[in-house]
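Notes follow once the structure below has been shown.
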Amino acid sequence: MSGIFGYKNIDLDIDRIKAELQNCQSNTFNTNIQNNVTFCQCRPFFDNFNDNVCIPMEFDGNMLAFNGEIYNYKELRQEYLKEVEIFFDSDAEVLLHLLRIFGMKILNKLNGIFSFAYYDTKSKSIFLVNDRYGSKELYYYINGESLVFSSSDAILTKILNIPFEFNQSYIDTLFVENFIDFKKKLINSNLEIVNPGEYIEITVNNKVIKNKYYNFNDFNVKDLKLNYKNKKEIINYFENLLTDSIKLRCNSKFPIALTLSGGTDSSVIYTLIKERLGLDVSVFTYSNADKNIDEFNRVKKLTEKYNDKITKIEYSKDTFEENYKRAVVALNASMCISDAGYYSVYRKISEQDYKTVIEGHGSDEIFGGYSHCFLQGIAQSIFEKKFLTAFHIMNLYKLHQNRPLMNVEKEQIKKYVSYLKNKDKHLYLKYLYYLIIFRLPKVLIYWNRVLNSNSLDIRCPFLDYRVVEFALALPIEYKLNRIGNKAILREILKKYNIDFIYNNKIKQGFTTSDEEVIKNNKDFLLKYYDKNRFHYDISKFDDHIYKACSVGFLENYYKQNTH
Numbered sequence: 000m001s002g003i004f005g006y007k008n009i010d011l012d013i014d015r016i017k018a019e020l021q022n023c024q025s026n027t028f029n030t031n032i033q034n035n036v037t038f039c040q041c042r043p044f045f046d047n048f049n050d051n052v053c054i055p056m057e058f059d060g061n062m063l064a065f066n067g068e069i070y071n072y073k074e075l076r077q078e079y080l081k082e083v084e085i086f087f088d089s090d091a092e093v094l095l096h097l098l099r100i101f102g103m104k105i106l107n108k109l110n111g112i113f114s115f116a117y118y119d120t121k122s123k124s125i126f127l128v129n130d131r132y133g134s135k136e137l138y139y140y141i142n143g144e145s146l147v148f149s150s151s152d153a154i155l156t157k158i159l160n161i162p163f164e165f166n167q168s169y170i171d172t173l174f175v176e177n178f179i180d181f182k183k184k185l186i187n188s189n190l191e192i193v194n195p196g197e198y199i200e201i202t203v204n205n206k207v208i209k210n211k212y213y214n215f216n217d218f219n220v221k222d223l224k225l226n227y228k229n230k231k232e233i234i235n236y237f238e239n240l241l242t243d244s245i246k247l248r249c250n251s252k253f254p255i256a257l258t259l260s261g262g263t264d265s266s267v268i269y270t271l272i273k274e275r276l277g278l279d280v281s282v283f284t285y286s287n288a289d290k291n292i293d294e295f296n297r298v299k300k301l302t303e304k305y306n307d308k309i310t311k312i313e314y315s316k317d318t319f320e321e322n323y324k325r326a327v328v329a330l331n332a333s334m335c336i337s338d339a340g341y342y343s344v345y346r347k348i349s350e351q352d353y354k355t356v357i358e359g360h361g362s363d364e365i366f367g368g369y370s371h372c373f374l375q376g377i378a379q380s381i382f383e384k385k386f387l388t389a390f391h392i393m394n395l396y397k398l399h400q401n402r403p404l405m406n407v408e409k410e411q412i413k414k415y416v417s418y419l420k421n422k423d424k425h426l427y428l429k430y431l432y433y434l435i436i437f438r439l440p441k442v443l444i445y446w447n448r449v450l451n452s453n454s455l456d457i458r459c460p461f462l463d464y465r466v467v468e469f470a471l472a473l474p475i476e477y478k479l480n481r482i483g484n485k486a487i488l489r490e491i492l493k494k495y496n497i498d499f500i501y502n503n504k505i506k507q508g509f510t511t512s513d514e515e516v517i518k519n520n521k522d523f524l525l526k527y528y529d530k531n532r533f534h535y536d537i538s539k540f541d542d543h544i545y546k547a548c549s550v551g552f553l554e555n556y557y558k559q560n561t562h
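Going by numbering that gives the first Met the number 0, the residue at position 2 of the sequence shown is 1; the numbering climbs one at a time, nothing skipped.
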């Protein structure tokens, strides 16, 4: 979790850059300059770097400012760099040499989460790179011959003293969506973002060349020649693949924390950690004040099976306002009604000196775990003449809607009918691609900001590109069938006798008590709302008033911190 910053052809206050990056999340600051190009980087004391390594890294005039982790860097070093002398056992040094020798072609071999800037001394070009699914942010600003980039849009705005202009589409979208589309609706309309699976070459003349390097074909699933009719074979292969992904992400010189919600995703990760890897992991969970949706008892039962203790975080009215405001600043606006609750969980993890957190993010997108995916699943099953699968998914949809299918909202019925008229055999699969390409980056940015603001790194086994591409290739009945959504994960739980989670077919997710709290305590929020600033009737957005107030609070924060 390093903060990176860089610029060329512009005079900036290096001391202010240092102060902002260190204040953000790190404690060691270094710079490197080549041909009027300056790279800056802060590193936390707990990162993957050898204590003696100097960052940003440089070799023969090539520079690298790196934010993230490459989980397979040792394998890459063994395969591609046998003749190269490596001084420090770090993923950044290995990456620098790989880029120097192979250029951007090596990106498809990387397994990790990252964004980075690379300066190529031969071409004098700067390359800005984001990982496959957008786990790490990277922003840039170009004005004439000048270029400035940063892993933080807030720092970029403050350092450059850019006139703070809220992107109006950002505000509009905030009222109707849970997550902002950071690719198109940046909070500051003057900045650009490097998209997932993309690298941008900025030439010596500041020409911007955008390149898409990832197209969901890095794993070559077809070459596996698996028999999808052999259920046992498929489940065993996937379990081994997911276990290997978890193992890579549990490789740390520091203790590992895991957030356990009682749902399918985190429960499968935890079960494989205990059953297959035999590793120690510290479990944290949130106990909801609303006992109708609280899943603490499931978490307790699961951890008792392996004699593990749980750290339980409960709602505290005394700290709610403080956590809410901290979350708003960390997130650059409130995107979810549970911001304060989520923030309190990771604050507690950080207070106990953990640095790395294993999470289940990505599973809903790659397996279509959301109930709004079910209608496409029914339609695709009918087109494939898998009528029994369609029947099971229909029952699953009714269960999630908690009412008969024909009584659901008219809009949902219209969608279902339109899907059938579409006659698209790949409708469901296309929707999963949509979720991964457009929704997942929003989710990842959200969680990364929450964790990074608490000096934590996030690791997500379901976002190993091998797991993603294998999941997408699975026939629909391995994702949705009579046993529930994310069916193949439930089969793993069944194998290890975790029936109390396996049999729970209703997706609850990680929920907090914030919604009820906000409804009953609006006074502190209203002081941040400027009725002259927003063109919305608050009475029409009763459940979303926190969003308008959050934007008002954030706007004041930015104006006070840019001068």
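For glycine and all other residues, C-beta sits at the position ideal for the given N, C-alpha and C.
- Taken through DSSP and simplified to helix, strand or coil, Arg465 comes out as helix.
- Counting C-beta atoms within 10 angstroms of its own C-beta, Glu358 has 16 or more neighbours from the protein chains shown and is therefore classed as buried.
- Taken in chain order, the whole beta strand (DSSP E) runs of length 3 or more contained in the stretch 345 to 397 are 355 to 357.
- Shown here, Asp307 sits in coil according to DSSP, grouped into three states, outside any helix or strand.
- Taking a contact as a CB-CB distance under 8 Å, the pair Tyr198 and Asn210 counts as one, their CB atoms being some 5 Å apart.
- Within the model, the alpha-carbon separation for Glu78 versus Leu225 is close to 27 Å.
- C-alpha of Val83 to C-alpha of Tyr341: approximately 44 Å in a straight line.
- Per DSSP, reduced to three states, the secondary structure at Glu78 is helical.
- In terms of Cβ geometry, Ala18 and Leu63 do not form a close pair [threshold 9 Å].
- Under the rule that a run must span 4 or more residues, the alpha helix (DSSP H) segments found entirely inside the stretch 79 to 128 read 90 to 101.
- Gly2 is bridged by DSSP to Cys41.
- Taking the Cα positions, Leu247 is about 7 Å away from Asn71.
- The alpha-carbon separation between Phe101 and Asn61 amounts to approximately 13 Å.
- Selection Asn66, Lys121 and Thr120 evaluated against Leu94 yields Asn66 as nearest (Cα-Cα).
- In this model, Asn216 and Leu431 are separated by some 15 Å (Cα to Cα).
- Ranked by Cα distance from Gly262, the first of Lys108, Val449, Asp498 and Ile392 is Asp498.
- Here His371 is exposed: its Cβ has fewer than 16 other Cβ atoms, across all protein chains shown, within 10 Å.
- The alpha-carbon separation between Phe469 and Ile16 amounts to approximately 42 Å.
- Of the residues Ser260, Asn129, Arg297 and Leu301, the one whose Cα lies closest to the Cα of Glu274 is Leu301.
- The alpha carbon of Arg465 has as its nearest neighbour, out of Asp88, Leu241 and Leu190, the alpha carbon of Leu241.
- Bridge partners of Thr30 according to DSSP: Cys39.
- Rounded to whole angstroms, the gap between the alpha carbons of Asp152 and Tyr236 is 41 Å.
- The stretch 304 to 322 makes no contact with the stretch 379 to 396; the number of CB pairs closer than 8 Å stays below 3.
- Between the alpha carbons of Thr388 and Lys478 lies a gap of roughly 10 Å.
- Ranked by Cα distance from Ser145, the options Pro460, Gly5, Leu75 and Gln375 are led by Gly5.
- In the structure shown, the three-state DSSP call for Ile482 is coil.
- For Asn451, the enclosing alpha helix (DSSP H) stretches over residues Leu439 to Asn451.
- Going by beta carbons, Leu455 and Tyr369 fall outside the 9 Å limit.
- With a threshold of 16 other beta carbon atoms within 10 Å, Gln351 falls short and is exposed.
- DSSP, reduced to helix, strand and coil, places Tyr236 within a helical segment of the structure shown.
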